[in-house]
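A.B. asks: Counting in the working numbering, the sequence shown runs from 541 upward without gaps. Glycine included, every Cβ here is placed at the ideal spot set by N, Cα and C. Bear in mind that the values here come from a model prediction, so they are computed numbers and not experimental data.
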Amino acid sequence: MRLKSLLIFGAAAALNSTSALARNGEPEDYVFEHVNVVPMSANMVLRDRYVAVRNRVIVAIGRQGKQGKYPGAQRIDGRGMYLMPGLADMHTHTRMPPQDFFDLNLAAGVTTVFNMGLGDGGGQFDHVALRRDVASGAVDGPRYLISGAQLDGDNVKSLTDVDRALNEASDRKYDAVKVHGDLPPAIYDAIITGARKRGLRIRGHGQHMMPLAETLRMDSVEHVEEILYLSTDRKFGEKAKFGEEKNGNIDNFLTSYHDNLERLQDNKYRASLVREIARSKVFWDPTIVIYEAIPKYLDDDEFARLARDERLSYLPRSVRGEVLDKSKNEYRAGLAPVFSKFLSSIGDKSTLKEHFDKNVGLLLKLTKEMHGAGVPLLTGSDAFGAPVPGFALHQEMELMVRAGISPYETLRAATINSARFLGESRQAGTIEVGKRADFILLGHNPLTDIRNAADVQGVFVNGQWHSAARLKEMLAQVARHSAAD
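#1: Whole angstroms is fine: what's the gap from A562's alpha carbon to E568's?
#2: List the endpoints of the continuous beta strand (DSSP E) containing Y684.
#3: Determine the DSSP secondary structure at W1005, reduced to helix, strand or coil.
#4: Given T907, which residues of its chain have a CB within under 6 Å of its CB, disregarding the five upstream and five downstream residues?
#5: According to DSSP, is D841 part of a helix, a strand, or is it coil?
#6: Exposed or buried, which one is V1001 when buried takes at least 16 other CB atoms within 10 Å?
#7: If you count every other CB in all the chains shown that lies within 10 Å of the CB of G565, and 16 or more means buried, which is it?
#8: Taking only the alpha-carbon atoms, compute the straight-line gap between I830 and V696 and give it to the nearest angstrom.
#9: Given 8 Å as the limit, is there contact between the segment 718-727 and the segment 747-767, that is, 3 or more CB pairs closer than that?
#10: At what residue ranges does the segment 824-912 contain a whole run of the alpha helix (DSSP H), taking only runs of 4 or more?
#11: Can you tell me which of L644, P927, V593 puts its alpha carbon nearest to the alpha carbon of Q614?
#12: Check whether the Cβ atoms of Y684 and N707 sit closer than 8 Å, and answer yes or no.
#13: When the distance is taken between beta carbons, is T955 closer than 8 Å to M937?
#14: When you compare each of G681, R845, V571, V679 to I598 by their alpha carbons, which one comes out closest?
#15: Determine the direct distance from the alpha carbon of G605 to that of G657, and round the result to whole angstroms.
#16: What's the gap between the Cα of I732 and the Cα of G688?
#17: Is the Cβ-Cβ distance between L1015 and V996 less than 8 Å?
#18: Which of helix, strand or coil does DSSP assign to V674?
#19: Alpha carbon to alpha carbon, what distance is there between A923 and A932?
#20: Beta-carbon within less than 6 Å of L586's beta-carbon, same chain only, minus the 5 sequence neighbours each way: which residues are those?
#21: Drop a sphere of 10 angstroms on the beta-carbon of E738, count the other beta-carbons inside from all chains shown, and report buried for 16 or more, exposed for fewer.
#22: Would a C-beta distance cut-off of 8 Å place T632 and P682 closer than the cut-off?
#23: Pull up the CB-CB distance for Y728 and E766, whole angstroms please, since I reckon it's below 8 Å.
#24: Using the C-alpha atoms, what's the distance from N807 back to S820?
#25: Measuring only the C-alpha atoms, how far is P929 from D888?
#26: Buried or exposed: Y837, going by 16 or more other Cβ atoms within 10 Å of its Cβ?
#27: May I ask which residues mark the beginning and end of the beta strand (DSSP E) holding F979?
#28: What residue does the beta strand (DSSP E) around I767 start on, and which one ends it?
#29: Indicate the three-state DSSP secondary structure (helix, strand or coil) for T700 in the structure shown.
#30: Exposed or buried, which one is T970 when buried takes at least 16 other CB atoms within 10 Å?
#31: Answer yes if the segment 891-911 comes into contact with the segment 838-845, meaning at least three C-beta pairs across the two stretches below 8 Å, and no otherwise.
#32: Is A1023 buried or exposed, if buried means 16 or more other CB atoms sit within 10 Å of its CB?
#33: Please state whether DSSP places R991 in a helix, a strand or coil.
#34: Can you give me the Cβ contacts of G914 inside the same chain, cut-off strictly under 7 Å, excluding the 5 residues immediately before and after it?
#35: Whose C-alpha, out of R704, M910, D617, is nearest the C-alpha of F823?
#36: Among I601, N583, L623, R603, which has the Cα closest to the Cα of H984?
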């Protein structure tokens, strides 16, 4: 059901994004009326409720008709709509003007984004300043969290480099440090122990040359795809001979990768691997959506259909070109020739699409099995162009449901689990009195169909209300910017 009426009683300007300040300079009060509350504290809907907000905090929730008067409050009629916590994209990147990136996420109901690469934008963006300006309200956007520069073999070659990088992360109050690429054991250990001493979260890719247990020392592991290159022992790393690919030799890696795929077909082995992950209490951010795009890039028919995907119109022309130009698309130009040759060499007659579709099926299975074993999952898109920011998180959640995780549990990953990972369970993640007023209005019930989470009719974040009309205009503006790029 589309929104039939969204009446904000007060200034006409409130039909767009409100200033969030009353005349005396204090944060505006709001009362959201006749809403169906999806609290996320349980798999339920509280029907026909009001939610009152004061000083950017939820101060009351109750049955409609029993609310206090709240004189001077902005009143939002949410009749027939569903109010739930805002969504979190815990792994994304910025390859467009920051305001456009923020607007795409807000329009999708994403009220927290975690940028996992400060190299985004070729160094032209000051991400620490962006985080500060969003928090202060100087820039309109979702809550903005940042990791430091990737800690990889290029920038942490010594223990001195590790200390320098971690001191910078601590001084600049990064929300995490990110491990990327295979590191020497002494360097990796120094990152883990040094980050712990400084109270820094550690997120990153797997350490493929080491047993799985080493990877599980981080706070969150990024990409379920990483399991394709990890083993509970050292069997994968011993064969892969990482580093050779820099000299153009990836045969050992591909052979080890193929062997690992075969090993992961063994239910008993896979179960032992998942149990080890669960015992570690590590969070895992699957980002299935970025891998699921690969077979679409490699299949001629699906690749041709990409050009007709209206979502790509929100990308800057330069980024869109990297996706749609066969000679620039890294998967078609780089990955396809290598894997075609390899599959032929081992007598595998699968097409590239068939090979990677099969892997997608395995990743979905692993995601469901991790969830079933109690591994706390996060939601992230790894949006780095296409899939498109904002839209991509909804694609990710649809894939999690396709894996066999219920809409409620998927939404928990996007709300409660992200708050828990950030140490903010008392402040965020659910719709409860005393929690931060960070929520979205949806036209339909997301618990019955995860696709309804994309039917965003309003967003409240950082003390600002964005109506459906305002969100639509934000998207139109991003499209205009992208067309002019």
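C.D. replies: Based on what the coordinates show:
#1: Indexing the sequence shown from 1 puts residue 562 at position 22. Indexing the sequence shown from 1 puts residue 568 at position 28. Low confidence applies here, because A562 scores a pLDDT of 43, under 50, leaving its location unreliable; read the following figure in that light. Taking the straight line joining both Cα atoms gives about 5 Å.
#2: Here residue 684 corresponds to residue number 144 of the sequence shown, with the count starting at 1. 683-686 is the extent of the beta strand (DSSP E) around Y684.
#3: For the purposes of this step, residue 1005 is taken as residue 465 along the sequence shown, with counting starting at 1. Note: W1005 maps to strand in three-state DSSP.
#4: Here residue 907 is taken as the residue at index 367 of the sequence shown, counted from 1. Within the same chain, T907 has close Cβ partners V764, P826, A943.
#5: Here the question's residue 841 lines up with position 301 in the sequence shown. Helix at D841.
#6: The residue you call residue 1001 lines up with position 461 of the sequence shown. Flag for V1001 reads buried.
#7: Indexing the sequence shown from 1 puts residue 565 at position 25. With a pLDDT of 43 at G565, under the threshold of 50, the modelled position of this residue cannot be trusted, and the question is left open.
#8: Position 290 of the sequence shown, counting from 1, holds the residue named residue 830. Position 156 of the sequence shown, counting from 1, holds the residue named residue 696. Taking the straight line from one Cα to the other gives about 27 Å.
#9: yes
#10: 828-838, 840-846, 857-864, 876-885, 892-912
#11: Walking along the sequence shown from the start, residue 614 turns up at place 74. The residue among L644, P927, V593 with its C-alpha nearest the C-alpha of Q614 is V593.
#12: Taking the first residue of the sequence shown as position 1, residue 684 is located at position 144. Taking the first residue of the sequence shown as position 1, residue 707 is located at position 167. Y684 is not a Cβ neighbour of N707, given a cutoff of 8 Å.
#13: For the purposes of this step, residue 937 is identified with residue 397 of the sequence shown, where counting begins at 1. For the purposes of this step, residue 955 is identified with residue 415 of the sequence shown, where counting begins at 1. Taking 8 Å as the cut-off, the beta carbon of M937 is found no closer than this to the beta carbon of T955.
#14: Stepping through the sequence shown from its first residue, residue 598 is reached at position 58. Checked all of G681, R845, V571, V679; the closest Cα to I598 is V571.
#15: For the purposes of this step, residue 657 is identified with residue 117 of the sequence shown, where counting begins at 1. For the purposes of this step, residue 605 is identified with residue 65 of the sequence shown, where counting begins at 1. Distance between the alpha carbons of G657 and G605: 48 Å.
#16: One-based indexing of the sequence shown puts residue 732 at position 192. One-based indexing of the sequence shown puts residue 688 at position 148. The straight-line gap from Cα to Cα measures roughly 15 Å.
#17: The sequence position of residue 1015 within the sequence shown is 475, counting from 1. The sequence position of residue 996 within the sequence shown is 456, counting from 1. It is not a contact, given that the beta carbons lie outside the stated cut-off.
#18: Within the sequence shown, the letter at position 134 stands for residue 674. Helix, per DSSP.
#19: Here the question's residue 932 lines up with position 392 in the sequence shown. Here the question's residue 923 lines up with position 383 in the sequence shown. Straight-line Cα distance between these residues: approximately 7 Å.
#20: Within the sequence shown, the letter at position 46 stands for residue 586. If the five residues before and after L586 are omitted, its C-beta is found closer than 6 Å to the C-beta atoms of V577, all from its own chain and listed in chain order.
#21: Within the sequence shown, numbered from 1, the residue matching residue 738 stands at position 198. At residue 738 the sequence reads Arg, which differs from the Glu that was named. The residue in question, R738, is exposed, as its Cβ has fewer than 16 Cβ neighbours within 10 Å.
#22: Along the sequence shown, read from residue 1 onward, the residue named residue 632 stands at position 92. Along the sequence shown, read from residue 1 onward, the residue named residue 682 stands at position 142. No. Outside cutoff.
#23: Within the sequence shown, residue 728 is the residue found at index 188, counting from 1. Within the sequence shown, residue 766 is the residue found at index 226, counting from 1. Not really, about 15 Å apart at Cβ, beyond 8 Å.
#24: Walking along the sequence shown from the start, residue 820 turns up at place 280. Walking along the sequence shown from the start, residue 807 turns up at place 267. For S820 and N807, the distance between alpha carbons rounds to 20 Å.
#25: Residue 929 sits at position 389 when you count from the first residue of the sequence shown. Residue 888 sits at position 348 when you count from the first residue of the sequence shown. Using only the alpha carbons, I get a separation of about 35 Å.
#26: In the sequence shown, counting from the first residue as 1, residue 837 sits at position 297. Note on Y837: 16 or more other CB atoms within 10 angstroms of its CB, so buried under the neighbour-count rule.
#27: As a first step, residue 979 must be located in the sequence shown, where it is residue number 439. First-last of the beta strand (DSSP E) with F979: 979-982.
#28: Along the sequence shown, one-based indexing puts residue 767 at 227. I767 -> no beta strand (DSSP E), and no H or E assigned at all.
#29: One-based indexing of the sequence shown puts residue 700 at position 160. Reduced to three states, the DSSP call for T700 is helix.
#30: Taking the sequence shown and counting its residues from 1, the one referred to as residue 970 is at position 430. It is buried - the Cβ of T970 has at least 16 other Cβ atoms within 10 Å.
#31: Look at the beta carbons and you see the segment 838-845 touching the segment 891-911: at least three pairs across the two are nearer than 8 Å.
#32: Looking up residue 1023 in the sequence shown gives position 483. A1023 is exposed by the Cβ-count criterion.
#33: Position 451 of the sequence shown, counting from 1, holds the residue named residue 991. Helix.
#34: By one-based count along the sequence shown, residue 914 stands at place 374. Taking G914 as the centre and dropping the five residues before and after it, the same chain places the C-beta of A818 closer than 7 Å to its C-beta, in chain order.
#35: As a first step, residue 823 is located in the sequence shown; it is residue number 283 there, counting from the start. Among R704, M910, D617, the Cα nearest to that of F823 belongs to M910.
#36: In the sequence shown, the residue the question calls residue 984 occupies position 444. Taking each of I601, N583, L623, R603 in turn and checking the Cα distance to H984, the smallest one comes out for L623.
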